[in-house]
Structure formats: C-alpha cells, structure tokens
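Have a look at the structure below before the remarks.
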C-alpha cells in the first residue's frame, strides 16, 4: 500500500492540484480498524530527505562527468530511470536543480536491469563507460 500511495499521491515538486489518499488499517492506539487522509503535501514532506539525497547524487555525478559528455547531456538531456523516476514532479524538480532537461525513460522499471545486462554481455568493450566504482568494488568512490 505504501508504494501505491507514493506513486499515486507522492511528489518531488509541488503539483498544480494537490491530491489526497485515504489509508485504511489498524489504529495502533485503539487496535480497531481506522482510516486517515494524507495529502500529497504530507507525502512530499516525508520524501523530502530522500529526494534531496537523490538530487545531490545526480549533481555529484554531473560534477564528475567529463566536459565533452556534459555538452552531450546539455543537448540530449538527462534520462531518469528506475522506480523513483515514477515519482510525480521528479523530472521537473531535477530539471530545476541541474539546469538540464530531464525526462523519464521508456519502461523505467526494467530499463536499468536491461542496460546492466547489455553492459555485462559486452563488458570488454563497454567497461570504459562505467564510472564511480573501481573494478571489483561495491563501494562508490
């Protein structure tokens, strides 16, 4: 249910029309069934720290990107992928923070795994495009 609320009501940027969701479950104080309304503003607040971390990581990645690739990014934009890319307003928020066009990948939930598989299938030729991890490491530099 939390994932559904995040997708339906959550946002990374203010919405033109804020939304409300009704959550149903057990009241932990009374032990009885209960419901509560949560707004997109409240969900946005709950996601604020995670959203800020994501924006900061993208800024850090851009800072580590060679100038010739930055020129390409400025022309083509930044593709957002994975589950978090489905958060309403994330592309607009990111675009405002990094001053580059941002867009959501087609089929964002599987494109990361498919891309990783593509890299692994031809690692010898594509390893030069990998950044941020030393070969064999699981820790970001």
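Residue numbers (this note's numbering): 2 to 142.
Ideal Cβ positions, reconstructed from N, Cα and C, are used throughout, including at glycine.
- Residue state for residue 38 is assigned as strand, using DSSP reduced to three classes.
- For residue 2, the closest C-alpha among the options 30, 18, 39, 19 is that of 39.
- Just measuring C-alpha positions, the residue of 102, 106, 74, 94 sitting nearest residue 82 is 106.
- Following the DSSP letters along the chain, one finds residue 5 inside the alpha helix (DSSP H) bounded by residues 3-9.
- Annotation: the continuous alpha helix (DSSP H) that includes residue 114 extends over 109-122.
- The C-alpha of residue 103 is placed about 7 Å away from the C-alpha of residue 93.
- Taken in chain order, the unbroken stretches of alpha helix (DSSP H) that lie wholly in the stretch 41-103 and span 4 residues or more are 41-64, 68-77, 91-99.
- In the DSSP assignment, residue 21 falls within the beta strand (DSSP E) that extends over 21-27.
- Excluding sequence positions up to five before and after residue 112, its CB lies within less than 7 Å of the CB of 82, 106, all in the same chain and listed in chain order.
- Going by beta carbons, residue 84 and residue 58 fall outside the 8 Å limit.
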